[in-house]
Ligand SMILES: Nc1ncnc2c1ncn2[C@@H]1O[C@H](COP(=O)(O)OP(=O)(O)OP(=O)(O)O)[C@@H](O)[C@H]1O
Ligand SMILES: [Mg+2]
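Chains as they are written, first to last, in the numbering used here: chain H, 6 to 235; chain U, 1147 to 1528.
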């Protein structure tokens, strides 16, 4: 596999919802190189989440294809394994398990990676340190601030050391101070670990932090801010 | 964190609901263990009585489902005694009487010939064995003597006739200790059943392959004929089969099972309800778990693990209550000697097996529902 192979490539990616005949995404042709920090912007209902879900193999396209490192997702046999090991997801609502501590929540995805218990604990400690929450490892989600919860969710997304982070409005529920913290964390992950980040946002302030902005309207890509890899 | 920890923590999220569901299972499993345990205790007891006396085969009248109605001609004993392989044979008449004054019902009285080999294995606590010339005499089991407050030398009234207690025996079997034994002829006279017995007890020769000898002797007994060449109406069964096929035991077993099945269905429905609610409440959460890469199989394992764990906790509670309850019952005077205090480990094992079935029955459908949840739906409905 060559280095120039993009991480994601979509060809005529289209998603129709049969109920109500909604065209959520039309003919999207995109290339996202390894290590890029991309923002996806657009008004509500423009297809941002749809695009992200198709990239993340959470949904199947109506037509067109998604390639990950040159492999077609539609031909991939084990999409669960793909999601578990290659992708990290962050959502607007964090969906931490309420009865698990921060450290335990971070370990949840690791069950699918076949790690031993001791390794799971070690990694969770490391990841919480990375997001600056070592001192909160034993706290339950309800004992954490909203911003801290999102950082735990980011640590969880990184549990199996994926090359990509897919984030759907990760700052949608955060105030400006927490938003700044989360964005700083994304930038650091991107810079230090060459993590590819694909971030959906409403806010142009947030989007400006990315290297590239893809704008959607009515399911179509109307602008693509270019950007250079690395 | 281990996967099991996650399962435990999920259950602790709603401790009251989990406890109530486990209690439902505990009731079901407790009922199963208590009822089957008592039924089995009854069966074991009867088998123990026969084996304790060295009885290998019991012969009753063919075609009688209820052995209490079996009537045999006492003279056939001689024919059986002559069969190849038979060591000893003894007729027996049995009936159930009440001791109204002592408020005691359902006491077994055995009429045995005074030379019956069954009497040889009966340890006396006091008094003497029965003799051929004994009239109006009886041996009391130790428990019966205790309840009636009688001892050797006292008089007891049986079927409105006075009997002298010539001895008190103490067998290791509770059931037998609650009965009384008198000479066969005396009992036949008392019951107006001269010349009749209910069963013949047979001991076969010592042999290497005893069970095949027992089978062979059974066949020989069943093919006995009278002087006209007609088959005698005899049914011969090995002691174990005899006990298993006893009508009363089968009735108790059937009742125990019917009650148990009802309890199980109720337990399973409770479990199903709890798990469906629990999956429904966690729609988002399960969808997210799928999104972050959990396979359907792991969702199934999580939900089934929860329902099985609830069932095992319930089964343990139920088993403890059942074992303690049956022990307590066995100490009550009214049923003394009828219920064995101990429950066989096999029955407790059956209780746990049933708990696992309840767990699967109550957990599979919710687990399947959970596994089918779509991650995109879960995220959309935030
Ligand atoms: N499961 C579905 N069934 C029917 N229509 C859907 C479904 N999911 C999305 N849509 C429609 O597809 C279109 C694109 O939706 P999508 O969620 O991608 O928008 P979005 O850009 O993420 O919007 P928002 O900013 O509000 O999250 C919308 O019109 C939406 O109503
Ligand atoms: Mg969206």
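In this text, a Cβ means the ideal position worked out from N, Cα and C, and glycines have one as well.
| request: Could you tell me if residue 1280 of chain U is buried or exposed, where buried requires 16 or more neighbouring beta carbons within 10 angstroms of its beta carbon? | output: Against the second chain, residue 1280 of chain U aligns to sequence position 134. Under this definition residue 1280 of chain U is a buried residue.
| request: Please compile the residues from chain U whose C-beta is within a distance smaller than 7 Å of the C-beta of residue 100 of chain H. | output: In the first chain, counting from the first residue as 1, residue 100 of chain H sits at position 95. Those within 7 Å of residue 100 of chain H in chain U are 1430, 1431, 1434.
| Through-space distance from residue 114 of chain H to residue 7 of chain H, alpha-carbon basis | To locate residue 7 of chain H, count along the first chain from 1; it is residue 2. To locate residue 114 of chain H, count along the first chain from 1; it is residue 109. Model confidence at residue 7 of chain H stands at a pLDDT of 49, short of 50, so the residue's coordinates are unreliable and nothing is read from them.
| query | Going by the CB atoms, is the gap between residue 1385 of chain U and residue 1212 of chain U shorter than 9 Å? | reply | The sequence position of residue 1212 of chain U within the second chain is 66, counting from 1. The sequence position of residue 1385 of chain U within the second chain is 239, counting from 1. Judged by beta-carbon spacing, residue 1385 of chain U lies beyond the 9 Å limit of residue 1212 of chain U, meaning their Cβ atoms are not closer than that value.
| query | Do residue 1388 of chain U and residue 1198 of chain U have their C-beta atoms closer together than 9 Å? | reply | Along the second chain, read from residue 1 onward, the residue named residue 1388 of chain U stands at position 242. Along the second chain, read from residue 1 onward, the residue named residue 1198 of chain U stands at position 52. Taking 9 Å as the Cβ cut-off, residue 1388 of chain U and residue 1198 of chain U do not qualify as a contacting pair.
| Which one or two residues does DSSP pair with residue 10 of chain H in a beta bridge? | For the purposes of this step, residue 10 of chain H is taken as residue 5 along the first chain, with counting starting at 1. Partner(s): none; residue 10 of chain H has no beta bridge.
| task | Within its chain, find whatever has a CB closer than 7 Å to the CB of residue 1518 of chain U; leave out the 5 residues flanking it on each side and keep chain order. | result | Looking up residue 1518 of chain U in the second chain gives position 372. Around residue 1518 of chain U: no qualifying Cβ.
| query | Count the other CB atoms within 10 Å of the CB of residue 1453 of chain U; is the residue buried (16 or more) or exposed (fewer)? | reply | Taking the first residue of the second chain as 1, we reach residue 1453 of chain U at position 307. Buried, by the Cβ-count rule.
| Using 8 Å as the Cβ pair cut-off and three pairs as the minimum, do the region 1402-1410 of chain U and the region 16-35 of chain H touch? | no
| field | Run of the alpha helix (DSSP H) containing residue 32 of chain H, from where it starts to where it stops | value | Here residue 32 of chain H is taken as the residue at index 27 of the first chain, counted from 1. Looking at the DSSP string, residue 32 of chain H is not in any alpha helix (DSSP H); the run it does join, the beta strand (DSSP E), is 27-37.
| query | Name the DSSP beta bridge partners of residue 1307 of chain U, please? | reply | Along the second chain, one-based indexing puts residue 1307 of chain U at 161. Partner(s): U:1304.
| request: Put residue 117 of chain H into one of helix, strand or coil per three-state DSSP. | output: Position 112 of the first chain, counted from the first residue, corresponds to residue 117 of chain H. Helix at residue 117 of chain H.
| task | Can you tell me which of the three DSSP states residue 85 of chain H falls into? | result | In the first chain, counting from the first residue as 1, residue 85 of chain H sits at position 80. Three-state DSSP puts residue 85 of chain H in a helix.
| said: Determine, for residue 1410 of chain U, whether the minimum Cβ-Cβ distance to residues of chain H falls below 9 Å. | reply: Taking the second chain and counting its residues from 1, the one referred to as residue 1410 of chain U is at position 264. Taking Cβ atoms only, chain H never reaches closer than 9 Å to residue 1410 of chain U, which makes this a no.
| field | Reference residue 40 of chain H; option with closest CA among H:220, H:215, H:227 | value | Numbered from its first residue, the first chain carries residue 40 of chain H at position 35. Sorting H:220, H:215, H:227 by C-alpha distance to the C-alpha of residue 40 of chain H places H:215 at the top.
| According to the neighbour-count rule (16 or more other Cβ atoms, all chains shown, within 10 Å of its Cβ), is residue 1356 of chain U buried or exposed? | Start at 1 with the first residue of the second chain, and residue 1356 of chain U comes out as number 210. Its Cβ having fewer than 16 others within 10 Å, residue 1356 of chain U is exposed.
| field | C-beta atoms of residue 1183 of chain U and residue 1504 of chain U nearer than 9 Å | value | Position 37 of the second chain holds residue 1183 of chain U. Position 358 of the second chain holds residue 1504 of chain U. Cβ atoms of residue 1183 of chain U and residue 1504 of chain U: not closer than 9 Å.
| Can you list, in chain order, the residues of its chain whose CB lies under 7 Å from that of residue 1277 of chain U, leaving out five sequence neighbours each side? | Position 131 of the second chain, counted from the first residue, corresponds to residue 1277 of chain U. These residues qualify, in order along the chain: 1260.
| Does ligand 2 have even one heavy atom less than 8 Å from the beta-carbon of residue 53 of chain H? | Translated into the one-based positions of the first chain, residue 53 of chain H becomes position 48. Yes; taking the cut-off as 8 Å, the Cβ of residue 53 of chain H has a heavy atom of ligand 2 nearer than that.
| Per DSSP, what kind of secondary structure is residue 1521 of chain U in: helix, strand or coil? | One-based indexing of the second chain puts residue 1521 of chain U at position 375. Reduced to three states, the DSSP call for residue 1521 of chain U is helix.
| said: Please determine whether the Cβ atom of residue 204 of chain H lies at a distance below 8 Å from any heavy atom of ligand 1. | reply: As a working note, residue 204 of chain H is residue 199 in the first chain. Relative to ligand 1, even the nearest heavy atom lies 8 Å or more away from the CB of residue 204 of chain H.
| task | Measure the CB-CB distance between residue 1459 of chain U and residue 1232 of chain U and report whether it falls below 9 Å. | result | Numbered from its first residue, the second chain carries residue 1459 of chain U at position 313. Numbered from its first residue, the second chain carries residue 1232 of chain U at position 86. Cβ distance not < 9 Å, so residue 1459 of chain U and residue 1232 of chain U don't count as in contact.
| Interface partners of residue 1531 of chain U on chain H, CB under 8 Å | The structure shown does not extend to residue 1531 of chain U, since chain U spans only 1147 to 1528, so no value can be given for it.
| field | CB contact below 9 Å: residue 1477 of chain U versus chain H | value | For the purposes of this step, residue 1477 of chain U is identified with residue 331 of the second chain, where counting begins at 1. Chain H, which has no Cβ nearer than 9 Å to the Cβ of residue 1477 of chain U, makes this no.
| query | Tell me which same chain residues have a C-beta within less than 8 Å of the C-beta of residue 29 of chain H, skipping the five on either side of it? | reply | One-based indexing of the first chain puts residue 29 of chain H at position 24. Excluding residues within five positions, the ones whose Cβ falls inside 8 Å are 20, 21, 22, 52, 55, 224.
| field | Chain-ordered chain H contacts of residue 1441 of chain U [CB-CB under 7 Å] | value | Along the second chain, read from residue 1 onward, the residue named residue 1441 of chain U stands at position 295. Under the 7 Å cutoff, chain H gives 85, 117.
| said: Let's test the definition: count the other Cβ atoms within 10 Å of the Cβ of residue 42 of chain H and tell me whether it reaches 16, buried, or not, exposed. | reply: Numbered from 1 along the first chain, position 37 holds the residue referred to as residue 42 of chain H. With 16 or more other Cβ atoms within 10 Å, it is buried.
| field | Interface residues of the region 206-217 of chain H facing chain U [CB-CB below 8 Å] | value | none
| query | For chain U, is any of its Cβ atoms less than 9 Å away from the one on residue 89 of chain H? | reply | Residue numbering aside, residue 89 of chain H sits at position 84 when the first chain is read from its first letter. Interface residue, yes.
| request: Could you pull the start and end residues of the beta strand (DSSP E) that residue 1256 of chain U belongs to? | output: By 1-based counting over the second chain, the position of residue 1256 of chain U is 110. Where residue 1256 of chain U is concerned, the enclosing beta strand (DSSP E) stretches over 1250-1258.
| Buried versus exposed call for residue 119 of chain H [16 or more other C-beta atoms within 10 Å across all chains shown] | As a working note, residue 119 of chain H is residue 114 in the first chain. For residue 119 of chain H, the number of other beta carbons within 10 angstroms of its own is below 16, and it is reported as exposed.
| Any chain H beta carbon closer than 9 Å to residue 1420 of chain U | Within the second chain, the letter at position 274 stands for residue 1420 of chain U. False, the Cβ-Cβ gap to chain H never drops below 9 Å.
| query | Can you name, in chain order, every residue of its own chain whose Cβ lies under 8 Å from the Cβ of residue 1496 of chain U, other than the five neighbours on each side? | reply | Residue mapping note: residue 1496 of chain U aligns to position 350 of the second chain, counting from 1. Hits under 8 Å: 1178, 1179, 1182.
| query | Sorted by chain position, which residues of the same chain lie with C-beta nearer than 8 Å to residue 1298 of chain U's C-beta, five sequence neighbours on each side aside? | reply | Working through the second chain from its first residue, we reach residue 1298 of chain U at position 152. If we look at residue 1298 of chain U and ignore the five residues flanking it on each side, its Cβ neighbours are 1272, 1273, 1311, 1312, 1313, 1314.
| What are the residues of the region 41-63 of chain H that lie near chain U, defined by any Cβ-Cβ distance shorter than 8 Å? | 54, 58, 61, 63
| query | Among U:1397, U:1375, U:1516, which one has its Cα closest to the Cα of residue 1444 of chain U? | reply | As a first step, residue 1444 of chain U must be located in the second chain, where it is residue number 298. Cα-wise, what sits closest to residue 1444 of chain U is U:1516.
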